[in-house]
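To start, the structure itself, in structure tokens.
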Amino acid sequence: MSTNPSPGPALPGLAVIGGGPAGLMAAETARAAGVEVDVFDAMGSVGRKVLIAGKGGLNLTHGEDPDRFRRRYAERSAEVGRWLQDFGPSELREWAAGLGVETFIGSSGRVFPSDLKAAPLLRGWVRRLREQGVRFHVHHRWSGLDNAGAHRFETPAGELSFRAGATVLAMGGGSWPQLGSDGRWTGPLAAAGADIAPLLPANCGFDIGWSEHFASRFAGAPIKPVRLALAGPQPPRWRQGECVATATGIEGSLVYALSAPLRDTIAREGEALLLADLVPGRDLERLTADLARGRGRRSVSEHLRRQAGLSGVKAGLLREVLPAGVLQGEPAALAAAIKALPLRLRAARPIAEAISTAGGLRLEGLTGDLMLRNRPGTFAAGEMLDWEAPTGGYLLTACFASGRVAGAAAARWLLR
0 MSTNPSPGPA
10 LPGLAVIGGG
20 PAGLMAAETA
30 RAAGVEVDVF
40 DAMGSVGRKV
50 LIAGKGGLNL
60 THGEDPDRFR
70 RRYAERSAEV
80 GRWLQDFGPS
90 ELREWAAGLG
100 VETFIGSSGR
110 VFPSDLKAAP
120 LLRGWVRRLR
130 EQGVRFHVHH
140 RWSGLDNAGA
150 HRFETPAGEL
160 SFRAGATVLA
170 MGGGSWPQLG
180 SDGRWTGPLA
190 AAGADIAPLL
200 PANCGFDIGW
210 SEHFASRFAG
220 APIKPVRLAL
230 AGPQPPRWRQ
240 GECVATATGI
250 EGSLVYALSA
260 PLRDTIAREG
270 EALLLADLVP
280 GRDLERLTAD
290 LARGRGRRSV
300 SEHLRRQAGL
310 SGVKAGLLRE
320 VLPAGVLQGE
330 PAALAAAIKA
340 LPLRLRAARP
350 IAEAISTAGG
360 LRLEGLTGDL
370 MLRNRPGTFA
380 AGEMLDWEAP
390 TGGYLLTACF
400 ASGRVAGAAA
410 ARWLLR
């Protein structure tokens with residue numbers, strides 16, 4: 000995408016800083032209200048993270064009922080629920096259809112484009128925005144505000160300034176910094192008085208600290224099917240799915256679904272105990288009976304394979320975690336360990352490796368229409384805001400919805 004000529008020093012329109020889903024939706028919404036819109040992005044083209052998400056099929060949203068959908072945002076469900084009132088999953092699918100992109104609901108309830116591709120949707124969207132008069136300025140990395148309140152940008156031509164009538168900030172969180180979401184905005188905005196919660200990894204993997212033997216043999220091996228639960232004073236709340244052993248620990252969709260409580264437990268207690276049920280298809284009584292069958296001259300590994308269906312990485316996990324005495328001991332103790340294998344998580348993986356981030360501009364520091372209370376005329380949207388959600392289409396949906404709220408509010412601000 001080529002860079003438009005750099006804008007002049009002052010325009011009475013809207014500056015959207017960040018060309019991801021939230022920023023582009025803010026631009027579209029404001030432009031539809033009749034506002035002049037300039038979009039700035041640090042990268043050479045907009046929507047880079049959308050294209051990366053498209054490698055997995057571009058999970059746009061989810062088809063579950065609205066109440067359950069809203070609860071996915073946990074302690075921020077009330078605030079995000081308000082964003083979704085006018086632009087939720089159904090409206091997002093209708094919007095995509097308006098770009099010529101039909102969608103379908105998969106067996107898991109997740110919603111994808113029919114062709115499972117991101118590029119056609121992004122190309123059609125940017126083309127329509129250009130036709131509507133939105134101006135794009137790529138290779139413009141936001142570096143803060145000058146003393147007069149103008150935005151400063153680092154560009155190939157040097158530092159440039161731009162003064163707008165209103166602004167929507169949509170620069171993302173801190174994950175995937177190579178695509179522009181590097182969290183560098185936190186410093187300048189904190190210096191300007193914004194209330195910012197520290198950025199934290201979300202939907203991320205965790206370190207356990209495998210032995211060299213286990214890591215060399217099983218890094219990258221899928222663990223499925225499996226149930227996981229966070230150990231604690233309450234009875235375990237099991238989730239079933241699959242995950243992956245890594246060189247340092249564990250990651251994957253099932254781990255991501257538990258990442259927020261795991262991360263918070265590690266921060267509070269120094270570690271988190273994750274329980275793994277390696278044979279979710281058998282109850283404890285049946286598994287105990289199966290393991291009680293005579294082993295004879297067979298090895299422990301062969302006995303586990305025949306009687307419990309455990310081999311490969313699952314058998315490796317047992318040898319990695321359990322003392323030899325348990326592996327070769329009473330069937331009841333071994334069965335109990337297989338049904339709740341304790342994995343001690345030491346740390347979340349670095350934020351640059353996470354799918355998304357928690358933290359950001361605290362919603363308490365914004366009005367209901369996402370304007371910064373200490374900077375009238377400046378709005379924010381997307382992952383810059385302090386909320387988080389699991390994977391499954393919830394992240395993208397809230398980014399779109401918050402962009403729509405901020406874009407509409409910015410347009411009202413300018414047109415009042």
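According to numbering that gives the first Met the number 0, the stretch in the sequence shown is residues 0 to 415, in order. Even glycine gets a Cβ: it sits at the ideal position worked out from N, Cα and C. Since we're looking at a predicted model, the values are computed, not measured.
- In its chain, beyond the 5 residues on either side, Pro88, Leu91, Val110, Gly392, Thr396 have a beta carbon closer than 6 Å to the beta carbon of Thr60.
- DSSP places Asp368 outside both helix and strand once states are collapsed to three, so it counts as coil.
- With a 10 Å radius around the Cβ and a threshold of 16 neighbouring Cβ atoms, Arg30 comes out buried.
- One Cα belongs to Arg151, the other to Pro224, and the distance between them is close to 51 Å.
- Taking 4 residues as the minimum length, the alpha helix (DSSP H) runs contained wholly in the region 210–256 are 211–217, 252–256, in order along the chain.
- Per DSSP, Gly132 has no beta-bridge partner at all.
- The residues Ala246, in chain order, have a CB closer than 7 Å to that of Ala214 in the same chain once the five nearest residues on each side in sequence are set aside.
- Rounded to the nearest whole angstrom, the C-alpha separation of Ile354 and Arg71 is 16 Å.
- Minimum Cα-Cα distance from Ser258 among the listed residues Ile222, Pro200, Ser300 corresponds to Pro200.
- In this structure, DSSP gives Ser160 an extended state, which the three-state scheme calls strand.
- Residue state for Trp141 is assigned as strand, using DSSP reduced to three classes.
- If the five residues before and after Thr102 are omitted, its C-beta is found closer than 7 Å to the C-beta atoms of Leu59, Arg92, Ala95, Val110, Phe111, Pro112, Ser113, all from its own chain and listed in chain order.
- Excluding sequence positions up to five before and after Ala118, its CB lies within less than 7 Å of the CB of Leu50, Gly53, all in the same chain and listed in chain order.
- One Cα belongs to Leu253, the other to Pro155, and the distance between them is close to 42 Å.
- In the DSSP assignment, Ile51 falls within the alpha helix (DSSP H) that extends over 47–53.
- CA-CA distance, Met170 to Glu250, rounds to 26 Å.
- Residue nearest to Leu317 within the set Leu333, Glu329, Gln306, Thr166 is Leu333 (criterion: CA-CA distance).
- With contacts defined by Cβ atoms closer than 8 Å, Gly359 and Ala196 form a contacting pair.
- Taking the Cβ atoms as the reference, Pro65 lies roughly 18 Å from Cys398, outside the contact range of under 8 Å.
- Pairing Leu13 with Ile207 gives a Cβ-Cβ distance that is not under 8 Å.
- Here Ser401 carries a helix assignment [DSSP, helix/strand/coil].
- Between the alpha carbons of Pro375 and Asp181 lies a gap of roughly 25 Å.
- Under the Cβ criterion (8 Å, minimum of three pairs), the region 219–237 counts as touching the region 273–280.
- In this structure, Gly80 places its C-beta atom within 8 Å of the C-beta atom of Arg69.
- Bridge partners of Asp276 according to DSSP: Arg226.
- Taking Glu153 as the centre and dropping the five residues before and after it, the same chain places the C-beta of Arg140, Ser142 closer than 7 Å to its C-beta, in chain order.
- Every alpha helix (DSSP H) of 4 residues or more that sits fully in the region 267–331 is shown, in chain order, as 283–290, 299–307, 311–320, 323–326.
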